[in-house]
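Enquirer:
In my numbering, the protein residues as written are 19 to 536.
1. Residue 77 by DSSP, collapsed to three states: which one?
2. Buried or exposed: residue 438, going by 16 or more other Cβ atoms within 10 Å of its Cβ?
3. Would you kindly work out how many angstroms separate the C-alpha atoms of residue 362 and residue 388, rounded to a whole number?
4. Is the Cβ-Cβ distance between residue 506 and residue 413 less than 8 Å?
5. If you draw a straight line from the C-alpha of residue 293 to the C-alpha of residue 221, how long is it?
6. Quick one: is residue 9 buried, meaning 16 or more other Cβ sit within 10 Å of its Cβ, or exposed?
7. Taking Cβ positions, are residue 75 and residue 122 nearer each other than 8 Å?
8. Is it the case that the Cβ atoms of residue 487 and residue 516 are separated by a distance below 8 Å?
9. What does the alpha-carbon distance come out to for the pair residue 492 and residue 480?
10. Residue 246: which of 211, 252, 235 sits nearest, CA to CA?
11. What's the call for residue 318, buried or exposed, on a 16-neighbour Cβ count within 10 Å?
12. Alpha carbon to alpha carbon, how far is residue 113 from residue 230?
13. Count the other CB atoms within 10 Å of the CB of residue 333; is the residue buried (16 or more) or exposed (fewer)?
14. To the nearest angstrom, how far is the alpha carbon of residue 525 from that of residue 495?
15. For residue 63, which of helix, strand or coil comes out of DSSP?
16. Please name the residue in 477, 443, 483 whose C-alpha comes closest to that of residue 452.
17. For a test of the three-state rule: what should DSSP assign to residue 191, helix, strand or coil?
18. Which same chain residues end up closer than 8 Å to residue 519 when comparing Cβ atoms and leaving out the 5 residues on each side of it in sequence?
19. What are the start and end residues of the beta strand (DSSP E) that includes residue 495?
20. Where does residue 518 sit, in a helix, a strand or coil, going by DSSP?
21. Which one or two residues does DSSP pair with residue 432 in a beta bridge?
22. Excluding the 5 residues flanking residue 291 on each side, which residues of the same chain have their C-beta closer than 6 Å to its C-beta?
23. Measuring CB to CB, does residue 408 end up less than 8 Å from residue 420?
24. Given this structure, state the Cα-to-Cα distance separating residue 373 from residue 89, to the nearest angstrom.
25. Pull up the DSSP beta-bridge partners for residue 258, would you.
26. Can the beta-carbon of residue 342 be found closer than 8 Å to that of residue 307?
27. With distance defined between alpha-carbon atoms, name the residue in 128, 111, 449 nearest to residue 189.
28. Compare the Cα-Cα distances from residue 277 to each of 171, 285, 248 and report the closest residue.
29. Could you name each continuous beta strand (DSSP E) segment of 3 residues or more that falls completely within the stretch 306-394, going from the start of the chain to the end?
30. For residue 385, which residues from the same chain have a beta carbon less than 6 Å from its beta carbon, with the 5 sequence-adjacent residues on both sides left out?
31. Which stretch, first to last residue, makes up the beta strand (DSSP E) that contains residue 69?
32. Report the three-state DSSP secondary structure of residue 202 (helix, strand or coil).
33. Could you pull out every residue in the same chain whose Cβ sits closer than 8 Å to the Cβ of residue 167, ignoring the five residues on either side in sequence?
34. Alpha carbon to alpha carbon, what distance is there between residue 312 and residue 351?
35. Starting from residue 154, follow the beta strand (DSSP E) in both directions and report where the run begins and ends.
36. Counting along the chain, where does the beta strand (DSSP E) carrying residue 174 start and finish?
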């Protein structure tokens, strides 16, 4: 009878503890995976340089004229009312192109220019830059149209109207037209002349120009008062000054209508060391091609126009150069000389689409004289492929994927594939009762890691098991370590689990198996 009493007591205790155990067994916390994704790789930007990636960004050159800047893509300047900026910093084009730039006014900067008689003129300037005293490398200009007129002394150049100590390297100017019209009138100072010029790279000044290409149409139209004698300068590189030209390729199509004194040269209109603190520059390994058509309506005619230098006030060393240049002097002064040959041109337009290798543009053709010219450029057009994996992320090291053009294979985009670098569990220790369940949550880093697969394991499944959702089941008394690892095994995190019996479970074990089992 005593044994039956004890058995009844044990059964009652077992019922009291069984209900909470069964209720807890339904709880759990499965791991929730974040969505996969890619992260674009940053463009290469030199340290300390500010990126320029749009027409709006070009204003940064004006806001910080002594700063360092880098183009990160081609920039379309269509519709932008660009005012030439004074610049003394560094600009790296990285082979990118500024295109469809139109300039119709001079910049605010002033500087002194001199003529061959050492007369000093307070002068204004036009170009991409008004004045350039810094450095520019790897920049392309295409479809540039500068058309300016002034009642002040003025110079214009595709890159800059004025340079002083500038360093211009590996730049290209193509399909550009630079037109300048001085319209100066006599004033109370008693001035009798004006100073003005146009250059394919720069107007007036000094500096080093190397590895550059310029193919430009240049137009100089004298509209000054007839009582004034114009000192005119025109050339495919620098119209007047003391430049050093090294390994350049220059093509000029020049038109000069002057009622004063012309100084036209394929490379330099007048070579002149205007700053006596500077050494005379040199011209080396540079080619000049094309033609300058001009007239000098002046009884005291000098009519300077030569392949390399029109007039030499100083004598630079000219070595290793080549030319295919035409001096085309016109004696009829009744008509302004322009590329346009027809008074009423009948022009037809044809749009040429861009492709992988070529820019798009619009061709204009005059049916009267046959002249053609191009403008309104559009960038090259590529057909992007799907992303191609170059390397898979593994071992905490990011992978890489790329997009290329399906037609030409050019690299269009590149971005990293983030690798999973760490795993962290929300608990480091757990104490469970036999047959209890619990859930562990795992967080991975970085959050945008692509391969987020996790592997769960138990060091002792007789004590605790874990499924691939992080749900733990206590299977026996003892100690176990639950580990969550990345699929490649690089990263992991662990939780120590201890399992014991409830009082009711202890009583059942003792009742059924006795003290020997314990």
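Beta carbons: idealized from backbone N, C-alpha and C, even for Gly. What you are looking at is a predicted structure, and each value in this text was computed from that prediction instead of being measured.
Expert: Reading from the atomic positions:
1. Numbered from its first residue, the chain shown carries residue 77 at position 59. Helix at residue 77.
2. As a working mapping, residue 438 is identified with position 420 in the chain shown. With 16 or more other Cβ atoms within 10 Å, it is buried.
3. Translated into the one-based positions of the chain shown, residue 362 becomes position 344. Translated into the one-based positions of the chain shown, residue 388 becomes position 370. Approximately 13 Å, taken between the alpha carbons.
4. Within the chain shown, residue 506 is the residue found at index 488, counting from 1. Within the chain shown, residue 413 is the residue found at index 395, counting from 1. Yes, these two residues count as a Cβ contact at 8 Å.
5. Position 275 of the chain shown holds residue 293. Position 203 of the chain shown holds residue 221. Answer to the nearest angstrom: the Cα atoms are 16 Å apart.
6. No answer is possible for residue 9: it lies beyond the span of the chain, which begins at 19 and ends at 536.
7. Counting from one through the chain shown, the residue named residue 75 turns up at place 57. Counting from one through the chain shown, the residue named residue 122 turns up at place 104. Against a cut-off of 8 Å, the Cβ pair of residue 122 and residue 75 comes out as no contact.
8. Working through the chain shown from its first residue, we reach residue 487 at position 469. Working through the chain shown from its first residue, we reach residue 516 at position 498. No, Cβ-Cβ distance for residue 487 and residue 516 is not below 8 Å.
9. Counted from its first residue, the chain shown places residue 492 at position 474. Counted from its first residue, the chain shown places residue 480 at position 462. Residue 492 and residue 480: Cα-Cα distance of roughly 8 Å.
10. Position 228 of the chain shown, counted from the start, is the residue given in the question as residue 246. The candidate whose alpha carbon is nearest that of residue 246 is 211.
11. Position 300 of the chain shown, counting from 1, holds the residue named residue 318. Residue 318 comes out exposed.
12. The sequence position of residue 113 within the chain shown is 95, counting from 1. The sequence position of residue 230 within the chain shown is 212, counting from 1. Cα-Cα distance, rounded: 12 Å.
13. Position 315 of the chain shown, counted from the start, is the residue given in the question as residue 333. Flag for residue 333 reads exposed.
14. Counted from its first residue, the chain shown places residue 525 at position 507. Counted from its first residue, the chain shown places residue 495 at position 477. In a straight line, the C-alpha of residue 525 is about 15 Å away from that of residue 495.
15. Residue mapping note: residue 63 aligns to position 45 of the chain shown, counting from 1. Note: residue 63 maps to coil in three-state DSSP.
16. The count along the chain shown starts at 1 and reaches residue 452 at position 434. Ranking 477, 443, 483 by Cα distance to residue 452 puts 483 first.
17. As a working mapping, residue 191 is identified with position 173 in the chain shown. Of the three classes helix, strand and coil, the one that applies to residue 191 here is strand, per DSSP.
18. As a first step, residue 519 is located in the chain shown; it is residue number 501 there, counting from the start. Closer than 8 Å at Cβ, skipping near neighbours: 451, 452, 495, 527.
19. Indexing the chain shown from 1 puts residue 495 at position 477. No beta strand (DSSP E) contains residue 495, which DSSP labels as neither H nor E.
20. The sequence position of residue 518 within the chain shown is 500, counting from 1. Residue 518: strand per DSSP, three-state reduction.
21. Locating residue 432 in the chain shown gives position 414, where the first residue counts as 1. Note: residue 432 sits in a beta bridge opposite 420.
22. Locating residue 291 in the chain shown gives position 273, counting from the first residue. Here the set comprises 260, 298, 332.
23. In the chain shown, counting from the first residue as 1, residue 408 sits at position 390. In the chain shown, counting from the first residue as 1, residue 420 sits at position 402. Remark: C-beta atoms of residue 408 and residue 420 approach each other more closely than 8 Å.
24. Along the chain shown, one-based indexing puts residue 373 at 355. Along the chain shown, one-based indexing puts residue 89 at 71. Whole-angstrom Cα-Cα distance: 22 Å.
25. The count along the chain shown starts at 1 and reaches residue 258 at position 240. Residue 258 is bridged to 222, 288.
26. Position 324 of the chain shown, counted from the start, is the residue given in the question as residue 342. Position 289 of the chain shown, counted from the start, is the residue given in the question as residue 307. Going by C-beta atoms, residue 342 is nearer than 8 Å to residue 307.
27. Here residue 189 is taken as the residue at index 171 of the chain shown, counted from 1. Ranking 128, 111, 449 by Cα distance to residue 189 puts 111 first.
28. Position 259 of the chain shown, counting from 1, holds the residue named residue 277. The option with the nearest alpha carbon to residue 277 is 248.
29. 322-324, 327-330, 335-337, 340-347, 365-370, 378-384
30. Stepping through the chain shown from its first residue, residue 385 is reached at position 367. Taken in chain order, the residues that qualify are 364.
31. Position 51 of the chain shown, counting from 1, holds the residue named residue 69. Here the beta strand (DSSP E) through residue 69 covers 68-70.
32. The residue you call residue 202 lines up with position 184 of the chain shown. Correct three-state label for residue 202: coil.
33. What you label residue 167 is simply residue 149 of the chain shown in a count that begins at 1. Result list for residue 167: 198, 199, 200, 201, 241, in chain order.
34. Counted from its first residue, the chain shown places residue 351 at position 333. Counted from its first residue, the chain shown places residue 312 at position 294. If you take the alpha carbons of residue 351 and residue 312, they lie about 10 Å apart.
35. Here residue 154 corresponds to residue number 136 of the chain shown, with the count starting at 1. Start and end: 153-155.
36. Taking the first residue of the chain shown as position 1, residue 174 is located at position 156. Note, residue 174: beta strand (DSSP E), 171-175.
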